[in-house]
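K.L.:
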Amino acid sequence: MSATAHWDEAPSGRRDVGPMGADWDLLGRAAGSDRIGLRRIRISPGKQSTPVHAHFGEEEIFYVLRGSGWSWQEEGVYAIGEGDVILHPEGGPAHTVVAGDEGIDVLAFGDNVRHEAVRFPRIDAAWMGGMILDFHPVHQFQLEAERAGPVEVPERPDPRPKTIVNVADVEPMTFRRDRVDARARFLGRALGARRTALNLSELAPNTESGQPHCHSAIEELFVVLEGDGVLLLGPDEEEHPVRAGSLVSRPAGTGVAHGFRAGEQGMTLFMYSDVDPNDMCFYPRSGKVLLRGLGVIFRPERVSLWD
5 MSATAHWDEA
15 PSGRRDVGPM
25 GADWDLLGRA
35 AGSDRIGLRR
45 IRISPGKQST
55 PVHAHFGEEE
65 IFYVLRGSGW
75 SWQEEGVYAI
85 GEGDVILHPE
95 GGPAHTVVAG
105 DEGIDVLAFG
115 DNVRHEAVRF
125 PRIDAAWMGG
135 MILDFHPVHQ
145 FQLEAERAGP
155 VEVPERPDPR
165 PKTIVNVADV
175 EPMTFRRDRV
185 DARARFLGRA
195 LGARRTALNL
205 SELAPNTESG
215 QPHCHSAIEE
225 LFVVLEGDGV
235 LLLGPDEEEH
245 PVRAGSLVSR
255 PAGTGVAHGF
265 RAGEQGMTLF
275 MYSDVDPNDM
285 CFYPRSGKVL
295 LRGLGVIFRP
305 ERVSLWD
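Count the sequence shown with our numbering and you get residues 5 to 311, in order.
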């Protein structure tokens, strides 16, 4: 499998059922991710992305690439636009996205919970294991269209909850040392995410995102939003070109280090991962290991198994 993918080449499909109308691009699948997922949803004007639903076990984070519309939730209806980030915690309010007059284009990040259940409050149904629990032999989109119809959007939005922020309102942290010159916004932390992490990092021209590293327990998924550069991969730091729309998945436990170097125009990228306090992170350039849950960094001696 290639080290990188691109969202223009991702598997995609169109869903038009009643009030739902959107193009879905399976970016996580294109990148080869496993425990975490990513989809791009391009919602047509006046349409909603999905039936109103809530996950019992999955945490979702949405990012608005362009356009505007509404984050429709059980507790309120909130105006959203370019640069907004929305957290839907596990067990939180049921929700959907409704596009405005020009449509809305969003990235939907989520941890792929293996045994998930989803409730659909407007159609009195739930989904589990690929089955609607009131045993209707139809898809939840069809039930939403037949039983509930489109959601209502008010003329004036409700005040935003803490789970919706704009990227510009999250204070960046600057990291400058050696080859690194980056500004990082910890978006998931700002929203209160617990199961996953989402960071937005801006790299200065010809600088790196950080020391190449690999994780023992954390899976990472990267999306290049702007600029270009290279993915550094493996012990020889092989260079793989990336550009806006490039997707990179780095599974846990590979022992293959990765990093990014920006090109002449710099690079902006999303860094998404699950969260595991038992994770260990190895930095091959320095030979150091980070025990993430303890915040301890040390340099072990590397020996042969038979020494």
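Note that beta-carbon positions come from the ideal geometry of N, C-alpha and C, so glycine has one too.
Could you name each continuous beta strand (DSSP E) segment of 3 residues or more that falls completely within the stretch 14 to 56, going from the start of the chain to the end?
P.N.:
16 to 21, 24 to 29, 40 to 47
K.L.:
Which of the three DSSP states, helix, strand or coil, is assigned to F60?
P.N.:
Residue 60 sits at position 56 when you count from the first residue of the sequence shown. In this structure, F60 counts as coil in the three-state DSSP scheme.
K.L.:
In terms of residues, what are the limits of the alpha helix (DSSP H) holding G192?
P.N.:
Within the sequence shown, numbered from 1, the residue matching residue 192 stands at position 188. Run containing G192: 191 to 195, per the alpha helix (DSSP H) assignment.
K.L.:
Across which residues does DSSP place F286 in a beta bridge pair?
P.N.:
As a working note, residue 286 is residue 282 in the sequence shown. F286 pairs with C218, V293.
K.L.:
Assign P209 to one of two classes, buried (16 or more other C-beta atoms within 10 Å of its C-beta) or exposed (fewer than that).
P.N.:
Taking the sequence shown and counting its residues from 1, the one referred to as residue 209 is at position 205. Classification of P209: exposed, given that the 10 Å Cβ count is below 16.
K.L.:
Rounded to whole angstroms, what is the Cα-Cα separation between D232 and A152?
P.N.:
For the purposes of this step, residue 232 is identified with residue 228 of the sequence shown, where counting begins at 1. For the purposes of this step, residue 152 is identified with residue 148 of the sequence shown, where counting begins at 1. Each residue's Cα considered, the two are about 45 Å apart.
K.L.:
Using 8 Å as the Cβ pair cut-off and three pairs as the minimum, do the stretch 40 to 57 and the stretch 101 to 120 touch?
P.N.:
These segments touch.
K.L.:
Hey, quick one: how far does the alpha helix (DSSP H) through L137 stretch, first residue to last?
P.N.:
Stepping through the sequence shown from its first residue, residue 137 is reached at position 133. First-last for L137: undefined, no H or E at that position.
K.L.:
Relative to the C-alpha of L204, which residue among N282, V81, F274 is closest?
P.N.:
Here residue 204 refers to the residue found at position 200 of the sequence shown. Closest option to L204, Cα to Cα, is F274.
K.L.:
Given a threshold of 16 other Cβ atoms within 10 Å of its Cβ, counted over all protein chains shown, does D38 qualify as buried or as exposed?
P.N.:
Residue mapping note: residue 38 aligns to position 34 of the sequence shown, counting from 1. Classification of D38: exposed, given that the 10 Å Cβ count is below 16.
K.L.:
By Cβ distance below 6 Å, which residues in the same chain neighbour T54 in space, the five residues on each side in sequence not counted?
P.N.:
Your numbering for residue 54 matches position 50 in the sequence shown. Taken in chain order, the residues that qualify are T100.
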